[in-house]
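First up is the structure itself, then whatever we jot down about it.
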Amino acid sequence: RQTNNSKLAELTASMVLSLVFFTAVFWIFPLIPIVITLMFEWPFTSFVSLWLAGLPFTAIAFYYIFRVKK
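The opening residue of the sequence shown carries number 22 in my numbering; numbering runs sequentially from there.
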């Protein structure tokens, strides 16, 4: 039973890490901010603001991703 719980925790952590990595990559290549801007029909300046505001969080995400993988 303990091994099943530990495997589940490991798989969940791996899934969350993959999701954060996916989001971080598509924030650098600004697919996610473009989609958000188009969904709400915001102007281009809001896209640039949204993208630039998210870049520090993307850097933090990459830091933790590579720290956890070591």
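Every residue, glycine too, gets a C-beta built ideally from N, C-alpha and C.
CB-CB length for residue i against residue j, believed under 8 Å
i   : j   : result
A74 : A45 : Actually they are not in contact, since the Cβ atoms of A74 and A45 sit about 14 Å apart, beyond 8 Å.
V89 : L38 : 6 Å
Proximity of residue i and residue j at Cβ, strictly below 7 Å
i   : j   : result
I86 : F47 : no
Proximity winner among the options, relative to residue i (alpha-carbon distances)
i   : options            : result
W72 : L38, V89, E31, P54 : P54
F78 : W63, E62, I49      : I49
DSSP three-state assignment for residue i, whether helix, strand or coil
i   : result
P77 : helix
P54 : helix
E62 : coil
Q. Quick one: any contact between the region 54-62 and the region 24-33, if contact means 3 or more CB pairs under 8 Å?
A. Short answer: they don't touch.
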